[in-house]
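**Student:** Numbering (our numbering), first residue to last: 4 to 125. Yeah, the Cβ is synthetic: ideal placement off N, Cα and C, and Gly gets one too. Small disclaimer: the values here were computed from a predicted structure and weren't measured. Before I ask anything, let me first share the structure, which is written out below as structure tokens.
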């Protein structure tokens, strides 16, 4: 029986967290969900290395370029809102730098970590 999309997504997130740990990140949260009705979406991984907090979106597709295209503007806005809520819930992180990263997964390839993959529109 082939894995479901949920199972594939969970496996991709597991591999992405492993990849981040190899790069020296501490995983602060996995599958963080902002409060219901908050407008914040799920954040796949929240990680820290030094004074940087990375809010990481993980995408797995048959090709890494297709994975990159799967991150939509609406999704980045929801993730940004979720990040605001996460930071408000964790005052101990106040004063640290934060950014939005992506990890793109494709079969038979190493994860592709894109630091600062997008920025908030102001």
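Report the residue from 39, 116, 51, 104 whose alpha carbon sits nearest the alpha carbon of residue 122.
**Tutor:** It is 104 whose Cα lies nearest to the Cα of residue 122.
**Student:** Below 8 Å, how does it come out for the stretch 68-83 and the stretch 104-121: are there three or more Cβ pairs, yes or no?
**Tutor:** Segments in contact, yes.
**Student:** Would you mind working out which of 53, 93, 32, 51 sits nearest residue 45, comparing C-alpha positions?
**Tutor:** Considering only alpha carbons, the answer is 32.
**Student:** Span of the beta strand (DSSP E) holding residue 116?
**Tutor:** That run of the beta strand (DSSP E) goes 115-121.
**Student:** Give the C-beta separation of residue 61 and residue 19 to the nearest angstrom, bearing in mind that I take them to be a contact with Cβ-Cβ under 8 Å.
**Tutor:** Sure, about 4 Å apart at Cβ, within 8 Å.
**Student:** Rounded to whole angstroms, what is the Cα-Cα separation between residue 131 and residue 96?
**Tutor:** Here the chain has residues from 4 to 125 only, and residue 131 is not among them.
**Student:** Can you tell which of 13, 48, 7 has its C-alpha closest to the C-alpha of residue 101?
**Tutor:** Selected option, being the one with the closest Cα: 48.
**Student:** Below 8 Å between beta carbons: does that hold for residue 57 and residue 12?
**Tutor:** Not in contact: residue 57 and residue 12 (Cβ atoms no closer than 8 Å).
**Student:** Is the separation between the beta-carbon of residue 88 and that of residue 38 shorter than 8 Å?
**Tutor:** Yes; because the gap between Cβ atoms is below 8 Å, this pair is in contact.
**Student:** For residue 104, which beta-bridge partners are listed by DSSP?
**Tutor:** Per DSSP, 59.
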